[in-house]
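Residue numbering for the sequence shown follows the working numbering, starting at 188 and increasing by one per position.
Yeah, the Cβ is synthetic: ideal placement off N, Cα and C, and Gly gets one too.
Keep in mind that this is a model prediction, so the values were computed, not measured.
Here's the structure, in structure tokens; my notes come after.
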Amino acid sequence: LETAARMSAAFPYVSPEARPNGPLNGVHLGDGGYFDNSGVFTLSEWLKEATRFPTVTATSAVSSTLRKKRILVLQLEAFPDSNTADVESPKKWYYQLTSPIQTMLTVRSEGQLVRDKTAGEDLQKLLNASGYETTWLLVRYTPGAVKLPGGNASCAANPPLSWHLTPFERRCIDQAWQNISSQTSQEIMNFLNNQAGITNTECDAADRSVAPGVFERKCRATTVVPKQ
Numbered sequence: 188l189e190t191a192a193r194m195s196a197a198f199p200y201v202s203p204e205a206r207p208n209g210p211l212n213g214v215h216l217g218d219g220g221y222f223d224n225s226g227v228f229t230l231s232e233w234l235k236e237a238t239r240f241p242t243v244t245a246t247s248a249v250s251s252t253l254r255k256k257r258i259l260v261l262q263l264e265a266f267p268d269s270n271t272a273d274v275e276s277p278k279k280w281y282y283q284l285t286s287p288i289q290t291m292l293t294v295r296s297e298g299q300l301v302r303d304k305t306a307g308e309d310l311q312k313l314l315n316a317s318g319y320e321t322t323w324l325l326v327r328y329t330p331g332a333v334k335l336p337g338g339n340a341s342c343a344a345n346p347p348l349s350w351h352l353t354p355f356e357r358r359c360i361d362q363a364w365q366n367i368s369s370q371t372s373q374e375i376m377n378f379l380n381n382q383a384g385i386t387n388t389e390c391d392a393a394d395r396s397v398a399p400g401v402f403e404r405k406c407r408a409t410t411v412v413p414k415q
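What follows is the structure, encoded as structure tokens:
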């Protein structure tokens, strides 16, 4: 755990790239966020390994309580969805000096958002085919949409990246959670209590908006025929 925490805190130029204490000639390792900043890829690999064996099906002589297996993926996204501009003004020649770096940073953030959505949909289909009913709940922090009561100040459009949050930034986060907590908590309780049924239409449709910045995708399990 301490190795994972150290690796996640390795910022370029701010802190040196980490190297484990052993073995003696261990290599330096960069921040894993370059490749998988959200953890969706790692989660996919872990779940595929954990569900390699087929689940109990309706045709098996086992009680119904063991027959239905469900998985809830709760994804907390610290950044709002991007609004990429379709047009922009012509750039000066020196723009080409910084554009490669800007492109690399965009791939690390925006590129992973696109990949995460595609990987998440593929993972759900794989789990459904293995007999698992799945619910994917994405909770995205969108400070630009937060309205603070009793004041004219508005939260910044982009979340803070500093190590220390100011009292105003903490108020924005608290207010954002208050705005979505009841609906989000209700969806989680529905899953835990297995109250809401899932139809094929829900799985094939676009992600359902549960609350501002909260999206849900439900998919029912595909019937698995056991081998004779």
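Would you report the Cα separation of residue i and residue j, rounded to the nearest angstrom?
i	j	result
Gln417	Lys278	Residue 417 lies beyond the range of the chain shown here (188 to 415); nothing can be said about it.
Glu264	Lys334	19 angstroms
Cys390	Asn315	10 angstroms
Gly217	Pro203	9 angstroms
Ala343	Ala332	9 angstroms
Val243	Gly318	Low confidence applies here, because Val243 scores a pLDDT of 49, under 50, leaving its location unreliable and the question unanswered by this model.
Ala245	Asp309	With a pLDDT of only 45 at Ala245, under the threshold of 50, the placement of this residue in the model should not be trusted, and no figure is reported.
Trp364	Thr305	26 angstroms
Ala398	Ser369	9 angstroms
Thr386	Thr321	12 angstroms
Arg302	Asn224	11 angstroms
Ala196	Gly226	15 angstroms
Ile219	Pro347	Residue identity check: residue 219 is Gly in the sequence provided, not Ile. Roughly 20 angstroms separates the two Cα atoms.
Thr229	Tyr200	26 angstroms
Met194	Ala205	7 angstroms
Trp323	Val294	24 angstroms
Thr285	Leu292	11 angstroms
Thr371	Thr329	15 angstroms
Gln289	Asp394	30 angstroms
Leu352	Thr388	42 angstroms
Thr238	Gln262	20 angstroms
Ser276	Asp268	23 angstroms
Glu297	Tyr221	12 angstroms
Does the Cβ of residue i have 16 or more other Cβ atoms within 10 Å, making it buried, or fewer, making it exposed?
i	result
Val249	Legend: pLDDT at Val249 = 44, less than 50; position of this residue unreliable, no value from coordinates given.
Ile258	buried
Lys235	exposed
Gly307	buried
Asp361	exposed
Glu189	exposed
Ser231	buried
Ala192	exposed
Phe355	exposed
Ala408	buried
Gly400	buried
Thr252	For Thr252, the predicted structure reports a pLDDT of 45, less than 50, and the residue's modelled location is therefore unreliable. The matter cannot be settled from this model.
Gln283	exposed
Among the options, whose alpha-carbon lies nearest the alpha-carbon of residue i?
i	options	result
Ser396	Leu211, Val326, Asn377 and Pro330	Val326
Glu374	Leu348, Thr388, Cys359 and Glu403	Glu403
Val381	Cys359, Asp394 and Lys405	In the sequence on display, residue 381 carries Asn and not Val. Minimum Cα distance to Asn381 is reached at Lys405.
Ser341	Ser349, His351, Asn212 and Arg358	Arg358
Pro336	His215, Leu313, Asn366 and Gln262	Asn366
Pro345	Phe266, Thr238, Arg239 and His215	The sequence given here has Asn at residue 345, not Pro. Considering only alpha carbons, the answer is Phe266.
Leu379	Val260, Pro207, His215 and Gly209	Val260
If you follow the beta strand (DSSP E) that residue i is in, where does it begin and where does it stop?
i	result
Lys256	Lys256 to Glu264
Arg327	Tyr319 to Arg327
What residue range does the alpha helix (DSSP H) around residue i cover?
i	result
Tyr282	Tyr282 to Thr293
Asp223	Neither: Asp223 is in no alpha helix (DSSP H) and is coded neither H nor E.
Val301	Gln299 to Ala316
Ala192	Glu189 to Ser195
Is the CB of residue i under 8 angstroms away from at least one CB in chain B?
i	result
Arg327	Given the protein chain composition of this structure (a single chain), no chain B is represented.
Worksheet item: Which ranges would you report for the beta strand (DSSP E) in the region 347–409 if only whole runs of at least 3 residues count?
Response: The region 347–409 contains these whole beta strand (DSSP E) runs: 395–398 and 401–406.
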